[in-house]
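Just so we're aligned, residue 5 is where the sequence shown starts under this note's numbering, counting upward by one.
Ideal Cβ positions, reconstructed from N, Cα and C, are used throughout, including at glycine.
For clarity, every value in this text was computed on a predicted model and none was experimentally measured.
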Amino acid sequence: MTENRWTINEYVTYILLTLVFLASWTDINGIFAELPQIILTQPEGARLGAYLALITNFGNIAPLILILIKCFNKKQTLNPVPINYIVITIGMASCFLLIFFWQYTRMIFNQNYSIALLILAFFLSLLDCTSSISFADYIQKFRAEFTSALFLGESLTSIVPSLLAIAQGNGQLRCTFINGTNVTKAVYETARFSVSLYFLCLFLLLTISFISFILLQWTSIPQHAFQISRKISLKPNEDNQETTSTLFQQKSPTSSESLPLNRKSYLLLSFGCTYTSSILFGMLLSISAYVLMPYGQEIFYLGTILSPWMFTLVWILGMIKPSISKRSILLLILMGTMTFLFELFIALNSPCPMWVHTMKGNVLILSIWLCTYVLLGYPRLVIANYVRNYSSSGMFWYGVNVQLGALIGSIVAFLLIETFSLFREVIPCEPSKC
5 MTENRWTINE
15 YVTYILLTLV
25 FLASWTDING
35 IFAELPQIIL
45 TQPEGARLGA
55 YLALITNFGN
65 IAPLILILIK
75 CFNKKQTLNP
85 VPINYIVITI
95 GMASCFLLIF
105 FWQYTRMIFN
115 QNYSIALLIL
125 AFFLSLLDCT
135 SSISFADYIQ
145 KFRAEFTSAL
155 FLGESLTSIV
165 PSLLAIAQGN
175 GQLRCTFING
185 TNVTKAVYET
195 ARFSVSLYFL
205 CLFLLLTISF
215 ISFILLQWTS
225 IPQHAFQISR
235 KISLKPNEDN
245 QETTSTLFQQ
255 KSPTSSESLP
265 LNRKSYLLLS
275 FGCTYTSSIL
285 FGMLLSISAY
295 VLMPYGQEIF
305 YLGTILSPWM
315 FTLVWILGMI
325 KPSISKRSIL
335 LLILMGTMTF
345 LFELFIALNS
355 PCPMWVHTMK
365 GNVLILSIWL
375 CTYVLLGYPR
385 LVIANYVRNY
395 SSSGMFWYGV
405 NVQLGALIGS
415 IVAFLLIETF
425 SLFREVIPCE
435 PSKC
(Lines of atoms letter the chains of each structure in order from A; the text may use other names.)
(Lines give C-alpha, C1' and ligand atoms only; values in the text may rest on other atoms or scores of the structure.)
Protein backbone atom coordinates (compact mmCIF):
# COMPACT_ATOMS: atom_id res chain seq x y z
CA MET A 5 0.00 0.00 0.00
CA THR A 6 1.09 3.56 -0.51
CA GLU A 7 2.22 5.64 2.46
CA ASN A 8 -0.50 8.28 2.03
CA ARG A 9 -4.18 7.62 2.41
CA TRP A 10 -6.14 7.01 -0.74
CA THR A 11 -7.99 9.86 -2.41
CA ILE A 12 -11.68 9.69 -3.32
CA ASN A 13 -10.70 9.06 -6.96
CA GLU A 14 -8.60 6.06 -5.96
CA TYR A 15 -11.50 4.53 -4.04
CA VAL A 16 -13.78 5.19 -7.03
CA THR A 17 -11.18 3.60 -9.31
CA TYR A 18 -11.14 0.47 -7.14
CA ILE A 19 -14.94 0.22 -7.29
CA LEU A 20 -14.96 0.77 -11.07
CA LEU A 21 -12.30 -1.92 -11.56
CA THR A 22 -14.36 -4.35 -9.48
CA LEU A 23 -17.44 -3.60 -11.60
CA VAL A 24 -15.44 -4.12 -14.80
CA PHE A 25 -14.16 -7.49 -13.61
CA LEU A 26 -17.73 -8.45 -12.77
CA ALA A 27 -18.18 -8.92 -16.53
CA SER A 28 -15.84 -11.92 -16.40
CA TRP A 29 -17.83 -15.17 -16.12
CA THR A 30 -20.98 -13.53 -14.71
CA ASP A 31 -22.94 -14.58 -17.81
CA ILE A 32 -21.78 -18.21 -17.95
CA ASN A 33 -22.03 -18.59 -14.16
CA GLY A 34 -25.49 -17.05 -14.46
CA ILE A 35 -26.59 -19.67 -16.99
CA PHE A 36 -25.38 -22.48 -14.73
CA ALA A 37 -27.08 -20.90 -11.71
CA GLU A 38 -30.33 -20.76 -13.72
CA LEU A 39 -30.09 -24.35 -14.98
CA PRO A 40 -32.64 -25.82 -12.50
CA GLN A 41 -35.21 -23.45 -14.00
CA ILE A 42 -34.10 -23.79 -17.65
CA ILE A 43 -34.12 -27.60 -17.77
CA LEU A 44 -37.80 -27.67 -16.83
CA THR A 45 -38.76 -26.50 -20.34
CA GLN A 46 -35.83 -27.46 -22.57
CA PRO A 47 -35.68 -30.78 -24.51
CA GLU A 48 -32.25 -31.84 -23.18
CA GLY A 49 -33.48 -31.90 -19.59
CA ALA A 50 -30.77 -32.70 -17.05
CA ARG A 51 -28.28 -33.41 -19.88
CA LEU A 52 -28.20 -29.69 -20.71
CA GLY A 53 -25.57 -29.09 -18.00
CA ALA A 54 -23.17 -31.55 -19.67
CA TYR A 55 -23.66 -29.87 -23.06
CA LEU A 56 -22.98 -26.43 -21.57
CA ALA A 57 -19.87 -27.66 -19.72
CA LEU A 58 -18.48 -29.09 -22.96
CA ILE A 59 -19.22 -25.89 -24.89
CA THR A 60 -17.59 -23.78 -22.16
CA ASN A 61 -14.35 -25.75 -22.59
CA PHE A 62 -14.44 -25.14 -26.35
CA GLY A 63 -14.21 -21.45 -25.46
CA ASN A 64 -10.52 -21.95 -24.66
CA ILE A 65 -9.86 -21.60 -28.40
CA ALA A 66 -9.88 -17.80 -27.90
CA PRO A 67 -7.14 -17.70 -25.21
CA LEU A 68 -5.08 -20.05 -27.39
CA ILE A 69 -5.25 -17.51 -30.22
CA LEU A 70 -4.14 -14.75 -27.83
CA ILE A 71 -1.18 -16.87 -26.70
CA LEU A 72 -0.12 -17.49 -30.32
CA ILE A 73 -0.36 -13.77 -31.10
CA LYS A 74 1.69 -13.04 -27.98
CA CYS A 75 4.38 -15.56 -28.98
CA PHE A 76 4.67 -14.26 -32.54
CA ASN A 77 4.95 -10.64 -31.36
CA LYS A 78 7.51 -10.90 -28.60
CA LYS A 79 8.80 -7.36 -29.07
CA GLN A 80 5.41 -5.88 -28.27
CA THR A 81 2.82 -6.48 -25.58
CA LEU A 82 -0.82 -7.14 -26.32
CA ASN A 83 -2.98 -4.16 -25.43
CA PRO A 84 -5.88 -5.53 -23.33
CA VAL A 85 -8.05 -2.42 -23.74
CA PRO A 86 -9.56 -3.12 -27.19
CA ILE A 87 -9.88 -6.81 -26.24
CA ASN A 88 -11.86 -5.83 -23.13
CA TYR A 89 -14.15 -3.63 -25.21
CA ILE A 90 -14.90 -6.60 -27.47
CA VAL A 91 -15.36 -9.00 -24.55
CA ILE A 92 -17.85 -6.84 -22.67
CA THR A 93 -19.74 -5.63 -25.77
CA ILE A 94 -20.35 -9.08 -27.24
CA GLY A 95 -21.19 -10.39 -23.76
CA MET A 96 -23.88 -7.70 -23.49
CA ALA A 97 -25.23 -8.54 -26.96
CA SER A 98 -25.37 -12.28 -26.18
CA CYS A 99 -27.20 -11.75 -22.87
CA PHE A 100 -29.63 -9.40 -24.62
CA LEU A 101 -30.39 -12.07 -27.25
CA LEU A 102 -30.85 -14.70 -24.52
CA ILE A 103 -33.73 -12.62 -23.13
CA PHE A 104 -35.77 -13.36 -26.26
CA PHE A 105 -34.35 -16.59 -27.70
CA TRP A 106 -33.24 -18.82 -24.80
CA GLN A 107 -36.20 -21.17 -25.39
CA TYR A 108 -35.67 -21.47 -29.16
CA THR A 109 -35.10 -25.09 -30.24
CA ARG A 110 -34.27 -26.77 -33.54
CA MET A 111 -34.35 -30.35 -34.82
CA ILE A 112 -30.86 -31.68 -35.65
CA PHE A 113 -30.48 -35.33 -36.71
CA ASN A 114 -34.02 -36.08 -35.54
CA GLN A 115 -33.35 -34.71 -32.08
CA ASN A 116 -34.50 -31.42 -30.57
CA TYR A 117 -31.80 -29.09 -29.20
CA SER A 118 -31.78 -25.70 -27.44
CA ILE A 119 -29.84 -24.33 -30.37
CA ALA A 120 -30.01 -20.61 -29.47
CA LEU A 121 -28.99 -21.18 -25.85
CA LEU A 122 -26.07 -23.42 -26.84
CA ILE A 123 -24.77 -21.09 -29.58
CA LEU A 124 -24.98 -17.99 -27.39
CA ALA A 125 -23.37 -19.90 -24.50
CA PHE A 126 -20.49 -20.78 -26.85
CA PHE A 127 -19.95 -17.10 -27.71
CA LEU A 128 -20.09 -16.21 -24.02
CA SER A 129 -17.54 -18.91 -23.20
CA LEU A 130 -15.19 -17.58 -25.89
CA LEU A 131 -15.38 -14.15 -24.30
CA ASP A 132 -15.19 -15.30 -20.68
CA CYS A 133 -12.17 -17.51 -21.31
CA THR A 134 -10.53 -14.51 -23.00
CA SER A 135 -11.42 -12.20 -20.13
CA SER A 136 -9.52 -14.41 -17.68
CA ILE A 137 -6.39 -13.30 -19.54
CA SER A 138 -7.25 -9.81 -20.76
CA PHE A 139 -8.62 -8.60 -17.41
CA ALA A 140 -5.58 -9.98 -15.56
CA ASP A 141 -3.34 -8.24 -18.09
CA TYR A 142 -5.33 -5.00 -17.74
CA ILE A 143 -4.78 -4.79 -13.97
CA GLN A 144 -1.00 -4.78 -14.64
CA LYS A 145 -1.18 -1.09 -15.61
CA PHE A 146 -2.45 -0.18 -12.12
CA ARG A 147 -0.52 -0.07 -8.86
CA ALA A 148 -0.06 -3.33 -6.96
CA GLU A 149 -2.68 -2.53 -4.30
CA PHE A 150 -5.38 -2.52 -6.99
CA THR A 151 -4.69 -6.16 -7.92
CA SER A 152 -7.15 -7.39 -5.28
CA ALA A 153 -10.01 -5.73 -7.24
CA LEU A 154 -9.56 -8.54 -9.79
CA PHE A 155 -10.33 -11.13 -7.10
CA LEU A 156 -13.24 -9.20 -5.62
CA GLY A 157 -14.80 -8.95 -9.08
CA GLU A 158 -14.07 -12.65 -9.63
CA SER A 159 -15.91 -13.57 -6.43
CA LEU A 160 -18.91 -11.43 -7.40
CA THR A 161 -19.25 -13.26 -10.75
CA SER A 162 -20.60 -16.23 -8.80
CA ILE A 163 -22.23 -14.41 -5.88
CA VAL A 164 -24.44 -12.05 -7.90
CA PRO A 165 -26.00 -14.75 -10.14
CA SER A 166 -26.57 -16.97 -7.09
CA LEU A 167 -28.30 -14.09 -5.26
CA LEU A 168 -30.48 -13.52 -8.33
CA ALA A 169 -31.33 -17.23 -8.36
CA ILE A 170 -32.23 -17.12 -4.66
CA ALA A 171 -34.44 -14.07 -5.20
CA GLN A 172 -36.10 -15.92 -8.08
CA GLY A 173 -36.71 -18.99 -5.92
CA ASN A 174 -34.70 -21.06 -8.38
CA GLY A 175 -33.75 -24.63 -7.48
CA GLN A 176 -36.06 -24.97 -4.47
CA LEU A 177 -37.82 -28.32 -4.49
CA ARG A 178 -40.13 -30.37 -2.32
CA CYS A 179 -40.71 -34.09 -2.15
CA THR A 180 -44.27 -35.22 -2.89
CA PHE A 181 -45.89 -38.66 -2.85
CA ILE A 182 -47.08 -40.08 -6.18
CA ASN A 183 -50.82 -40.92 -6.20
CA GLY A 184 -51.03 -41.79 -2.53
CA THR A 185 -48.19 -44.33 -2.70
CA ASN A 186 -45.01 -44.37 -0.61
CA VAL A 187 -42.97 -43.40 -3.69
CA THR A 188 -41.77 -39.78 -3.69
CA LYS A 189 -40.59 -37.49 -6.48
CA ALA A 190 -38.91 -34.09 -6.55
CA VAL A 191 -41.09 -31.14 -7.60
CA TYR A 192 -39.51 -27.73 -8.21
CA GLU A 193 -41.28 -24.71 -6.74
CA THR A 194 -42.67 -22.07 -9.14
CA ALA A 195 -40.19 -19.24 -9.70
CA ARG A 196 -41.02 -15.67 -8.63
CA PHE A 197 -39.95 -14.25 -12.01
CA SER A 198 -39.20 -15.63 -15.46
CA VAL A 199 -35.95 -16.84 -17.02
CA SER A 200 -36.13 -13.94 -19.51
CA LEU A 201 -36.23 -11.42 -16.68
CA TYR A 202 -33.26 -13.21 -15.10
CA PHE A 203 -31.23 -12.78 -18.31
CA LEU A 204 -32.31 -9.13 -18.43
CA CYS A 205 -30.71 -8.68 -15.00
CA LEU A 206 -27.47 -10.23 -16.30
CA PHE A 207 -27.58 -7.88 -19.30
CA LEU A 208 -27.93 -4.88 -16.97
CA LEU A 209 -24.96 -6.08 -14.89
CA LEU A 210 -22.78 -6.27 -18.01
CA THR A 211 -24.00 -2.82 -19.04
CA ILE A 212 -22.82 -1.47 -15.68
CA SER A 213 -19.42 -3.14 -16.30
CA PHE A 214 -19.21 -1.53 -19.74
CA ILE A 215 -20.01 1.94 -18.38
CA SER A 216 -17.40 1.45 -15.63
CA PHE A 217 -14.77 0.53 -18.21
CA ILE A 218 -15.58 3.63 -20.27
CA LEU A 219 -15.19 5.79 -17.15
CA LEU A 220 -11.78 4.23 -16.46
CA GLN A 221 -10.63 4.82 -20.02
CA TRP A 222 -12.05 8.23 -20.84
CA THR A 223 -12.02 10.20 -17.59
CA SER A 224 -9.28 11.40 -15.26
CA ILE A 225 -10.62 9.37 -12.31
CA PRO A 226 -7.91 6.65 -12.40
CA GLN A 227 -4.92 8.90 -13.20
CA HIS A 228 -3.35 8.48 -9.72
CA ALA A 229 -3.92 4.72 -9.70
CA PHE A 230 -1.53 3.87 -12.52
CA GLN A 231 1.90 2.45 -11.93
CA ILE A 232 4.62 5.06 -11.55
CA SER A 233 6.11 4.19 -14.91
CA ARG A 234 2.81 5.10 -16.56
CA LYS A 235 2.34 8.34 -14.65
CA ILE A 236 5.03 10.11 -16.61
CA SER A 237 2.36 10.72 -19.20
CA LEU A 238 1.16 13.92 -20.69
CA LYS A 239 -2.22 14.99 -19.45
CA PRO A 240 -4.79 13.04 -17.44
CA ASN A 241 -6.64 11.60 -20.40
CA GLU A 242 -3.99 11.26 -23.06
CA ASP A 243 -2.53 7.96 -21.93
CA ASN A 244 -5.98 6.39 -21.56
CA GLN A 245 -7.18 7.48 -24.97
CA GLU A 246 -4.00 6.36 -26.64
CA THR A 247 -4.37 2.79 -25.34
CA THR A 248 -7.65 2.25 -27.14
CA SER A 249 -6.27 2.84 -30.61
CA THR A 250 -4.01 -0.14 -31.22
CA LEU A 251 -3.90 -3.80 -30.32
CA PHE A 252 -0.15 -3.68 -29.58
CA GLN A 253 1.90 -1.31 -27.48
CA GLN A 254 5.58 -1.05 -26.60
CA LYS A 255 6.74 -2.86 -23.51
CA SER A 256 7.03 -0.61 -20.45
CA PRO A 257 9.45 -1.08 -17.57
CA THR A 258 8.17 -2.99 -14.59
CA SER A 259 7.33 -1.30 -11.33
CA SER A 260 9.98 -0.91 -8.72
CA GLU A 261 7.66 -2.05 -5.94
CA SER A 262 8.14 -5.77 -6.58
CA LEU A 263 8.47 -8.89 -4.51
CA PRO A 264 11.80 -10.78 -4.93
CA LEU A 265 11.40 -13.52 -7.51
CA ASN A 266 13.85 -15.48 -9.65
CA ARG A 267 12.97 -17.54 -12.72
CA LYS A 268 12.79 -20.85 -10.84
CA SER A 269 10.43 -19.39 -8.23
CA TYR A 270 8.34 -17.79 -10.97
CA LEU A 271 7.88 -21.12 -12.74
CA LEU A 272 6.98 -22.89 -9.48
CA LEU A 273 4.44 -20.21 -8.58
CA SER A 274 2.98 -20.37 -12.09
CA PHE A 275 2.55 -24.12 -11.65
CA GLY A 276 0.91 -23.44 -8.28
CA CYS A 277 -1.53 -21.07 -9.98
CA THR A 278 -2.38 -23.69 -12.62
CA TYR A 279 -2.76 -26.42 -9.99
CA THR A 280 -5.01 -24.43 -7.63
CA SER A 281 -7.14 -23.21 -10.57
CA SER A 282 -7.60 -26.78 -11.82
CA ILE A 283 -9.20 -27.72 -8.50
CA LEU A 284 -11.13 -24.50 -7.83
CA PHE A 285 -12.55 -23.98 -11.32
CA GLY A 286 -12.39 -27.47 -12.79
CA MET A 287 -12.73 -30.27 -10.26
CA LEU A 288 -14.83 -28.84 -7.41
CA LEU A 289 -17.62 -27.57 -9.64
CA SER A 290 -17.86 -30.94 -11.38
CA ILE A 291 -17.92 -33.17 -8.28
CA SER A 292 -20.00 -30.92 -5.98
CA ALA A 293 -23.18 -33.00 -6.38
CA TYR A 294 -21.33 -36.23 -5.56
CA VAL A 295 -19.68 -34.70 -2.47
CA LEU A 296 -22.61 -32.75 -0.99
CA MET A 297 -25.85 -34.40 -2.16
CA PRO A 298 -25.38 -37.63 -0.09
CA TYR A 299 -25.69 -35.43 3.01
CA GLY A 300 -29.00 -33.98 1.88
CA GLN A 301 -30.50 -31.36 -0.40
CA GLU A 302 -30.04 -28.67 2.26
CA ILE A 303 -26.28 -29.30 2.57
CA PHE A 304 -25.96 -29.28 -1.22
CA TYR A 305 -27.88 -26.00 -1.38
CA LEU A 306 -25.76 -24.40 1.38
CA GLY A 307 -22.51 -25.63 -0.17
CA THR A 308 -23.28 -24.23 -3.62
CA ILE A 309 -24.59 -20.93 -2.24
CA LEU A 310 -21.82 -20.33 0.31
CA SER A 311 -18.81 -21.44 -1.75
CA PRO A 312 -18.74 -18.25 -3.91
CA TRP A 313 -18.62 -16.21 -0.70
CA MET A 314 -15.34 -17.94 0.16
CA PHE A 315 -13.73 -16.03 -2.72
CA THR A 316 -14.86 -12.83 -1.01
CA LEU A 317 -13.23 -14.08 2.21
CA VAL A 318 -10.08 -14.72 0.16
CA TRP A 319 -10.24 -11.13 -1.09
CA ILE A 320 -10.52 -9.85 2.51
CA LEU A 321 -7.48 -11.94 3.51
CA GLY A 322 -5.63 -10.50 0.53
CA MET A 323 -6.45 -6.96 1.65
CA ILE A 324 -5.24 -7.69 5.19
CA LYS A 325 -2.10 -9.58 4.17
CA PRO A 326 -1.37 -9.36 0.43
CA SER A 327 1.93 -11.22 0.68
CA ILE A 328 3.18 -14.27 2.55
CA SER A 329 6.36 -16.33 2.19
CA LYS A 330 6.69 -18.89 -0.59
CA ARG A 331 6.96 -21.60 2.08
CA SER A 332 3.59 -20.51 3.51
CA ILE A 333 2.09 -20.62 0.00
CA LEU A 334 3.27 -24.21 -0.38
CA LEU A 335 1.92 -25.14 3.07
CA LEU A 336 -1.54 -23.72 2.30
CA ILE A 337 -1.65 -25.51 -1.07
CA LEU A 338 -0.72 -28.80 0.62
CA MET A 339 -3.46 -28.31 3.21
CA GLY A 340 -5.96 -27.47 0.45
CA THR A 341 -4.87 -30.59 -1.43
CA MET A 342 -5.55 -32.72 1.65
CA THR A 343 -9.08 -31.34 2.07
CA PHE A 344 -9.71 -31.81 -1.66
CA LEU A 345 -8.51 -35.44 -1.55
CA PHE A 346 -10.90 -36.04 1.35
CA GLU A 347 -13.75 -34.62 -0.76
CA LEU A 348 -12.68 -36.82 -3.67
CA PHE A 349 -12.78 -39.83 -1.32
CA ILE A 350 -16.32 -38.84 -0.27
CA ALA A 351 -17.38 -38.50 -3.93
CA LEU A 352 -15.95 -41.93 -4.79
CA ASN A 353 -18.06 -43.44 -1.99
CA SER A 354 -21.25 -41.63 -3.05
CA PRO A 355 -24.13 -42.19 -2.44
CA CYS A 356 -23.12 -43.81 0.88
CA PRO A 357 -20.01 -42.03 2.23
CA MET A 358 -18.94 -42.03 5.87
CA TRP A 359 -21.14 -40.31 8.48
CA VAL A 360 -24.04 -39.97 6.07
CA HIS A 361 -27.39 -39.04 7.74
CA THR A 362 -25.57 -37.67 10.81
CA MET A 363 -25.21 -34.09 12.05
CA LYS A 364 -21.47 -34.70 12.50
CA GLY A 365 -21.15 -35.67 8.85
CA ASN A 366 -23.22 -32.70 7.65
CA VAL A 367 -21.16 -30.15 9.58
CA LEU A 368 -17.83 -31.79 8.72
CA ILE A 369 -18.36 -32.05 4.96
CA LEU A 370 -19.75 -28.51 4.66
CA SER A 371 -16.84 -27.09 6.68
CA ILE A 372 -14.19 -28.99 4.68
CA TRP A 373 -15.89 -28.03 1.39
CA LEU A 374 -15.74 -24.32 2.25
CA CYS A 375 -12.21 -24.53 3.70
CA THR A 376 -10.87 -25.92 0.42
CA TYR A 377 -11.88 -22.73 -1.39
CA VAL A 378 -9.99 -20.59 1.13
CA LEU A 379 -6.91 -22.82 1.44
CA LEU A 380 -6.41 -22.87 -2.34
CA GLY A 381 -7.90 -19.48 -3.20
CA TYR A 382 -5.73 -17.36 -0.90
CA PRO A 383 -2.34 -18.66 -2.15
CA ARG A 384 -3.60 -18.14 -5.72
CA LEU A 385 -4.20 -14.47 -4.88
CA VAL A 386 -0.76 -14.10 -3.28
CA ILE A 387 0.82 -15.70 -6.35
CA ALA A 388 -0.72 -12.92 -8.45
CA ASN A 389 0.96 -10.31 -6.24
CA TYR A 390 4.30 -12.06 -6.77
CA VAL A 391 4.17 -12.58 -10.54
CA ARG A 392 2.61 -9.24 -11.55
CA ASN A 393 5.99 -7.50 -11.29
CA TYR A 394 8.16 -10.36 -12.55
CA SER A 395 7.78 -8.97 -16.08
CA SER A 396 5.57 -6.60 -18.03
CA SER A 397 3.54 -9.67 -19.08
CA GLY A 398 3.35 -11.19 -15.62
CA MET A 399 -0.42 -10.90 -15.25
CA PHE A 400 -1.05 -11.97 -18.85
CA TRP A 401 0.61 -15.32 -18.19
CA TYR A 402 -1.07 -15.49 -14.79
CA GLY A 403 -4.42 -15.35 -16.62
CA VAL A 404 -3.20 -18.03 -19.03
CA ASN A 405 -2.29 -20.30 -16.10
CA VAL A 406 -5.70 -19.78 -14.50
CA GLN A 407 -7.48 -20.73 -17.72
CA LEU A 408 -5.12 -23.67 -18.38
CA GLY A 409 -5.79 -24.99 -14.88
CA ALA A 410 -9.55 -24.68 -15.30
CA LEU A 411 -9.33 -26.58 -18.60
CA ILE A 412 -7.18 -29.38 -17.16
CA GLY A 413 -9.44 -29.74 -14.13
CA SER A 414 -12.56 -29.89 -16.31
CA ILE A 415 -11.04 -32.57 -18.57
CA VAL A 416 -9.92 -34.70 -15.61
CA ALA A 417 -13.37 -34.38 -14.01
CA PHE A 418 -15.08 -35.26 -17.29
CA LEU A 419 -12.95 -38.39 -17.63
CA LEU A 420 -13.64 -39.46 -14.03
CA ILE A 421 -17.39 -38.84 -14.29
CA GLU A 422 -18.33 -39.65 -17.89
CA THR A 423 -15.62 -41.96 -19.23
CA PHE A 424 -14.73 -44.06 -16.17
CA SER A 425 -18.09 -43.60 -14.35
CA LEU A 426 -16.40 -43.57 -10.95
CA PHE A 427 -19.14 -41.59 -9.21
CA ARG A 428 -22.80 -42.40 -8.54
CA GLU A 429 -25.23 -39.57 -8.05
CA VAL A 430 -27.95 -39.19 -5.43
CA ILE A 431 -31.41 -38.61 -6.90
CA PRO A 432 -33.34 -36.00 -4.85
CA CYS A 433 -36.30 -37.41 -2.88
CA GLU A 434 -35.42 -41.03 -3.66
CA PRO A 435 -35.07 -43.19 -0.52
CA SER A 436 -31.48 -43.88 0.48
CA LYS A 437 -30.21 -47.48 0.39
CA CYS A 438 -27.30 -46.86 2.74
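Using a Cβ distance threshold of 8 Å, I90 and P312 do not count as a contacting pair.
Rounded to the nearest angstrom, the gap between the Cα atoms of I212 and L20 is 9 Å. Closest in alpha carbon position to N266, among V199, F104, F100 and Y394, is Y394. Per DSSP, reduced to three states, the secondary structure at T308 is helical. By the CB criterion at 8 Å, G413 and I283 fall inside the cutoff. The DSSP-derived three-state label of F181 is strand. In the displayed model, T22 falls within a helix according to three-state DSSP. N116 carries a strand assignment under DSSP once its states are collapsed to helix, strand and coil. Per DSSP, the beta bridge partners of M111 are N116. In the structure shown, T188 falls within a strand segment according to DSSP collapsed to helix, strand and coil. Residue ranges of uninterrupted alpha helix (DSSP H) with 4 or more members, entirely inside the stretch 36–110 and ordered along the chain, are 52–62, 65–76 and 84–105. When I421, R110, S436 and L220 are compared, the shortest CA-CA separation from H361 is found for S436.
DSSP places E429 in no alpha helix (DSSP H); its state is neither H nor E.
In the structure shown, F230 adopts extended strand secondary structure according to DSSP, grouped into three states. When the beta-carbon positions are compared, I170 and G276 stay at least 8 Å from each other. Around the C-beta of S200, fewer than 16 other C-beta atoms lie within 10 Å, and the residue is accordingly described as exposed.
Contact between the stretch 220–234 and the stretch 38–56 is absent, with fewer than three C-beta pairs closer than 8 Å.
The stretch 425–434 and the stretch 111–120 do not touch, with fewer than three beta-carbon pairs separated by less than 8 Å. When DSSP reads this structure, F146 sits in a beta bridge with F230. CA-to-CA, the gap between I337 and V16 works out to about 34 Å. Rounded to whole angstroms, V85 and M399 show a C-alpha spacing of 14 Å.
Rounded to whole angstroms, S269 and L210 show a C-alpha spacing of 37 Å. Relative to D132, the option among L419, A410, L374 and V391 whose CA is nearest is A410.
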